[in-house]
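A short write-up of the structure that comes next.
Protein chains: 2
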Amino acid sequence: MFTKPRSAVRLSSEDAIVQLADLFRLMGDPTRLRITLVCLDEPISVGEIAVCLMLSPSLVSHHLRLLKAARILRAERRGKQIFYSALDEHIRCVIDDMVAHVGEPLDIEEAD
Amino acid sequence: MFTKPRSAVRLSSEDAIVQLADLFRLMGDPTRLRITLVCLDEPISVGEIAVCLMLSPSLVSHHLRLLKAARILRAERRGKQIFYSALDEHIRCVIDDMVAHVGEPLDIEEAD
DNA sequence: GCAACATATGAACAGTTATTTGAATGTTGG
DNA sequence: CCAACATTCAAATAACTGTTCATATGTTGC
């Protein structure tokens, strides 16, 4: 079936694809992506995120739970507040690559 | 020395975020991600994709339209058939990064 | 032109998901 | 323990999305 591994991507199992798609789906919601971006800069509390993005704390918490479960963000308690930040640097890379993709000029003639 | 911008990501406008989220959302469906992965290897026709992934040609076509509109894939007609392939290399990078993220061991203690 | 094949389109259904609202849990300092 | 604050949970609604089916468009060779 697949014969040409030109990339590091080698996804044999169905599970791996579903898991990967899950991560993309999570970042596919504008609200969640905004939350993720804010957390990339530095650890930030739930309340701060809510104020910063003009969202209800409840909604922010809801999304944070999903992002934490997917290991995109990590939580760290400091007193009353809980600060969230990126779990590793890969997410930043993923976003940077995608931004580069968006910025790519339409140099190739397309078959529309 | 300036210290803050650790990432190339600088998304001021709402539009840019929505556009970015749109790309992630598209890759967030397992079927669409599988189609994308197959197209990364080499140009492949709609029918071949359908057979290869055991999907109806109609469904494949639906997804391809979205992927093409988002400039993730490009279409090229060869006789009766239409071959699809990745529009640029960024998508491959994005997926590779995400795979690396998944493979990341749980080295950091988490606040669950 | 017509038949056969390849892909695209549109409507409709089923399942999922983001958001809101209100209450509940947990933490700190007196 | 109590009050005040921060976060989380749960149920309900509204909107979206993937899939299927049937039909249409487009291409090739006779």
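Protein chains in written order, with the numbering used here: chain A, 1 to 112; chain B, 1001 to 1112. A virtual CB, placed ideally from N, CA and C, is assigned to each residue, including glycine. Just so we're clear, the structure is a prediction, and the values are computed from it rather than from any experiment.
Query	Result
A:V94 vs B:V1018 beta-carbon contact at 7 Å	no
Proximal chain A residues relative to B:C1093, where beta-carbon distance stays under 7 Å	D97
Distance, B:K1068 Cα to A:S13 Cα	26 Å
Supposed close pair A:I35, A:L64 - CB separation, criterion 8 Å	7 Å
Distance CB(B:C1052)-CB(B:Y1084) smaller than 7 Å	no
Distance CB(A:G79)-CB(B:G1028) smaller than 7 Å	no
Distance between A:A21 and A:R6 (C-alpha atoms, nearest Å)	Bear in mind that the predicted position of A:R6 carries a pLDDT of just 49, short of 50, making it unreliable; the figure below should be weighed with that in mind. Approximately 21 Å between the Cα atoms of the pair.
Contact check, A:E46 vs A:S61, beta carbons under 7 Å	What sits at residue 46 of chain A in the sequence shown is Val, not Glu. Against a cut-off of 7 Å, the Cβ pair of A:S61 and A:V46 comes out as a contact.
Continuous beta strand (DSSP E) stretch holding A:S85: start and end	81-86
B:F1015 burial status per 10 Å Cβ neighbour count (16 or more: buried)	In the sequence as presented, Phe is not what sits at residue 1015 of chain B; that position holds Asp. Its Cβ having fewer than 16 others within 10 Å, B:D1015 is exposed.
Identity of the residue in B:A1100, B:R1092, B:A1086, B:L1026 nearest A:D97 by Cα	B:R1092
B:R1074 classed as buried or exposed, judged by whether at least 16 other C-beta atoms fall within 10 angstroms	buried
Same chain, Cβ closer than 8 Å to B:D1112, five either side skipped, listed in chain order	With a pLDDT of 36 at B:D1112, under the threshold of 50, the modelled position of this residue cannot be trusted, and the question is left open.
Inter-residue Cα distance where the pair is A:S58 and B:A1100	31 Å
Reference B:I1072, options A:P30, A:L33, A:L26, A:G103, closest by Cα	A:G103
First through last residue of the alpha helix (DSSP H) which encompasses A:R71	Element bounds for A:R71: n/a, residue is neither H nor E.
Within 7 Å of chain B by C-beta, residues of the segment 18-52 of chain A in sequence order	V18, Q19, L20, A21, L23, F24, R25, M27, G28, D29, P30, L33, R34, L37, L40
B:L1064 Cβ short of 6 Å to the ligand ZN heavy atom set	No copy of the ligand ZN occurs in the structure displayed, which carries no ligand at all.
B:E1048 versus A:R32 - alpha carbon distance	35 Å
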